[in-house]
Amino acid sequence: MTDAWSARVDAYRASPTHREGADLDALVAWCEPGPDVEALDVATGGGHVARRLAEAGCRVTTCDAAEGMRPDVVCPAEALPFPDSSFDVVACRIAAHHFRDVAAAVREMARVTRRFVVVEDTLYADERVEEAERLRDPTHMRSYSEPGWRGLMEAAGLAVDRAERFPKRHPVEPWLARVGCTGETAARVRELLSHRMATDEAVWLDTKLLIRGRRGD
Ligand SMILES: C[S@@+](CC[C@H](N)C(=O)[O-])C[C@H]1O[C@@H](n2cnc3c(N)ncnc32)[C@H](O)[C@@H]1O
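What follows is the structure, encoded as structure tokens:
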């Protein structure tokens with residue numbers, strides 16, 4: 002499953018959806034970055050969170066399950082090879098919907114942070130969108146609602162202190178091209194997303210949830 006990712010490194014480095022946006026700006030601010038802050042970027046992909054946190058002065062470690070993303074540490078989010086309380090903040094952006102065991106991943110992030118876990122992910126919309134996402138990219142496992150995310154954080158011992166939603170516009174062609182989705186499959190994905198299309202049908206709309214959990218002890 003993760004080998005599929007190694008071939009996508011350039012596409013994810015270049016992707017405007019991933020490279021920039023109000024969601025990324027807010028995530029960085031919620032990490033409360035600074036020169037004494039040690040940060041872990043889980044499922045770093047094209048490395049945009051890590052780059053921004055480093056620019057804000059943090060010492061950043063990156064990890065990802067796919068070697069081709071060239072993280073500092075190759076590991077699944079569900080089994081982080083770091084001692085308890087290794088980082089001030091652990092961030093994970095637009096990746097958790099790919100995790101096989103998201104509860105285990107949140108527990109691991111809670112275990113290795115001293116202060117915050119900051120997660121951004123696609124907010125669950127409906128089953129048509131889930132089917133479209135899985136058809137386009139079989140590495141999509143599932144997205145969660147805001148109550149679902151709050152439950153995951155609280156079950157891992159984190160107190161949720163901030164949550165905010167960010168609308169995102171996805172130009173359909175590059176979104177399909179990024180993962181090599183073409184032909185009849187692409188046509189079916191467009192059909193499934195028809196209720197989420199902008200009026201010009203070149204763009205579809207979703208919402209990202211940014212949520213922060215604070216270590217309670
Ligand atoms: C969309 S990219 C991440 C985007 C990136 N965080 C950003 O802000 O631009 C998703 C990443 O999740 C990684 N991934 C998928 N399943 C994973 C898992 N179980 N553990 C860790 N990384 C995983 C993939 O290798 C890929 O690099």
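Letter by letter, the sequence shown follows residues 2 to 218 of the numbering used here.
Every residue, glycine too, gets a C-beta built ideally from N, C-alpha and C.
Asked	Found
Does the structure place the stretch 69-88 close enough to the stretch 193-200 that three or more beta carbon pairs sit under 8 Å?	no
Could you compute how far the alpha carbon of M2 sits from the alpha carbon of T140?	Confidence in M2 is poor, its pLDDT being 45 and thus under 50, which makes the residue's placement unreliable; the coordinate value appears in the next sentence. Distance between the alpha carbons of M2 and T140: 6 Å.
What is the residue span of the beta strand (DSSP E) that T123 lies within?	T114 to T123
CB-CB under 8 Å to A104, same chain, minus the five flanking residues each way: which ones, in chain order?	L153, A156 and A157
Three-state secondary structure (DSSP) at M198?	strand
Classify R94 as buried or exposed, calling it buried when 16 or more other Cβ atoms lie within 10 Å of its own Cβ.	buried
Starting from the C-beta of R129, find all residues in its chain whose C-beta is less than 6 Å away, skip the five residues before and the five after it, and write them out in chain order.	L193
Please state whether DSSP places H236 in a helix, a strand or coil.	Here the chain covers residues 2 to 218 and nothing more, so residue 236 does not appear.
Kindly examine ligand 1 and report whether one of its heavy atoms sits closer than 8 Å to the Cβ of G181.	no
With respect to 8 Å, is the separation between the Cβ of V50 and the closest non-hydrogen atom of ligand 1 below this value?	yes
Please report the residue range of the alpha helix (DSSP H) in which D11 lies.	V10 to A15
Report yes if the C-beta of D42 is less than 8 Å from at least one heavy atom of ligand 1; otherwise report no.	yes
Taking C-alpha atoms, which residue in V161, L124, A164 and L136 lies nearest to Y145?	L124
Would D65 be called buried (16 or more neighbouring beta carbons within 10 Å of its own) or exposed?	buried
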